[in-house]
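Enquirer: Counting in the working numbering, the sequence shown runs from 66 upward without gaps. Glycine is no exception: its CB is placed at the ideal position from the N, C-alpha and C atoms. On a predicted model such as this, the values are computed, not experimentally measured, just so you know.
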Amino acid sequence: MTFTNALGQTWSFRVLADTVVHPACIVIHLTDLVQQQEVSAVPDHPRQKFFTDWLHPKRLLILPDQADASSLKALRAWLKWGAHEH
66 MTFTNALGQT WSFRVLADTV VHPACIVIHL TDLVQQQEVS AVPDHPRQKF FTDWLHPKRL
126 LILPDQADAS SLKALRAWLK WGAHEH
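Dropping the structure here:
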(Lines of atoms letter the chains of each structure in order from A and count residues from 1; the text may use other names and numbers.)
(Lines give C-alpha, C1' and ligand atoms only; values in the text may rest on other atoms or scores of the structure.)
Protein backbone atom coordinates (compact mmCIF):
# COMPACT_ATOMS: atom_id res chain seq x y z
CA MET A 1 0.00 0.00 0.00
CA THR A 2 1.16 3.57 -0.58
CA PHE A 3 -0.04 6.94 0.67
CA THR A 4 0.89 10.54 -0.04
CA ASN A 5 1.10 13.08 2.79
CA ALA A 6 0.29 16.81 2.70
CA LEU A 7 3.87 17.60 1.60
CA GLY A 8 3.46 15.45 -1.50
CA GLN A 9 5.80 12.71 -0.23
CA THR A 10 4.83 9.16 -1.12
CA TRP A 11 5.35 6.36 1.41
CA SER A 12 4.93 2.61 1.01
CA PHE A 13 4.27 -0.10 3.58
CA ARG A 14 2.61 -3.47 4.05
CA VAL A 15 -0.64 -3.71 6.03
CA LEU A 16 -0.52 -6.21 8.89
CA ALA A 17 -3.36 -8.58 9.82
CA ASP A 18 -4.10 -6.92 13.19
CA THR A 19 -5.33 -3.70 11.55
CA VAL A 20 -8.50 -2.34 13.24
CA VAL A 21 -11.46 -1.12 11.18
CA HIS A 22 -14.05 0.66 13.33
CA PRO A 23 -16.84 3.09 12.36
CA ALA A 24 -15.14 5.86 14.40
CA CYS A 25 -11.63 5.32 13.04
CA ILE A 26 -9.22 3.05 11.23
CA VAL A 27 -5.94 1.98 12.85
CA ILE A 28 -3.64 0.51 10.25
CA HIS A 29 -0.88 -1.64 11.73
CA LEU A 30 1.98 -1.57 9.27
CA THR A 31 5.52 -2.57 8.50
CA ASP A 32 8.25 0.08 8.41
CA LEU A 33 7.46 3.09 6.27
CA VAL A 34 9.65 3.46 3.20
CA GLN A 35 9.71 6.82 1.46
CA GLN A 36 9.56 6.62 -2.30
CA GLN A 37 12.16 8.91 -3.82
CA GLU A 38 10.83 11.18 -6.53
CA VAL A 39 12.62 13.76 -8.64
CA SER A 40 10.23 16.51 -7.51
CA ALA A 41 10.06 15.44 -3.86
CA VAL A 42 9.95 18.15 -1.22
CA PRO A 43 13.11 18.12 0.95
CA ASP A 44 12.69 16.50 4.37
CA HIS A 45 11.93 18.77 7.27
CA PRO A 46 14.47 18.04 10.08
CA ARG A 47 11.73 17.25 12.62
CA GLN A 48 9.95 14.95 10.17
CA LYS A 49 13.22 13.16 9.41
CA PHE A 50 13.70 12.58 13.15
CA PHE A 51 10.30 10.90 13.45
CA THR A 52 10.69 8.71 10.37
CA ASP A 53 14.32 7.71 11.01
CA TRP A 54 14.14 7.14 14.76
CA LEU A 55 10.59 6.26 15.72
CA HIS A 56 9.54 4.31 12.63
CA PRO A 57 5.80 4.47 13.33
CA LYS A 58 4.01 1.13 13.22
CA ARG A 59 0.43 2.43 13.28
CA LEU A 60 -1.49 4.90 11.19
CA LEU A 61 -4.67 6.39 12.69
CA ILE A 62 -7.24 7.64 10.18
CA LEU A 63 -10.18 9.62 11.53
CA PRO A 64 -13.41 10.26 9.58
CA ASP A 65 -12.55 13.92 8.92
CA GLN A 66 -9.15 13.11 7.36
CA ALA A 67 -10.49 11.87 4.03
CA ASP A 68 -13.65 12.05 1.97
CA ALA A 69 -16.43 9.56 2.74
CA SER A 70 -16.13 7.54 -0.48
CA SER A 71 -12.36 7.07 -0.03
CA LEU A 72 -12.83 5.93 3.57
CA LYS A 73 -15.57 3.53 2.52
CA ALA A 74 -13.33 2.02 -0.15
CA LEU A 75 -10.41 1.77 2.29
CA ARG A 76 -12.60 0.08 4.92
CA ALA A 77 -13.85 -2.46 2.37
CA TRP A 78 -10.33 -3.17 1.12
CA LEU A 79 -8.98 -3.58 4.66
CA LYS A 80 -11.82 -5.92 5.65
CA TRP A 81 -11.93 -8.05 2.52
CA GLY A 82 -9.08 -7.39 0.12
CA ALA A 83 -5.97 -6.73 2.20
CA HIS A 84 -5.66 -10.34 3.40
CA GLU A 85 -5.58 -11.77 -0.12
CA HIS A 86 -2.09 -10.39 -0.84
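1) Taking the alpha-carbon of residue 69 as reference, which of 99, 82 and 86 has the nearest alpha-carbon?
2) So what's residue 95 in DSSP terms, helix, strand or just coil?
3) Helix, strand or coil, according to DSSP, for residue 144 in the structure here?
4) Kindly list the residues whose CB is nearer than 8 angstroms to the CB of residue 144, restricted to its own chain and excluding five residues on each side of it in sequence; keep chain order.
5) Can you tell me whether residue 95 is buried or exposed, with buried defined as 16 or more other CB within 10 angstroms of its CB?
Expert: This is what the structure holds:
1) 99
2) strand
3) helix
4) 80, 84, 86, 91 and 93
5) Looking at its Cβ environment, which holds 16 or more other Cβ atoms inside 10 Å, residue 95 is buried.
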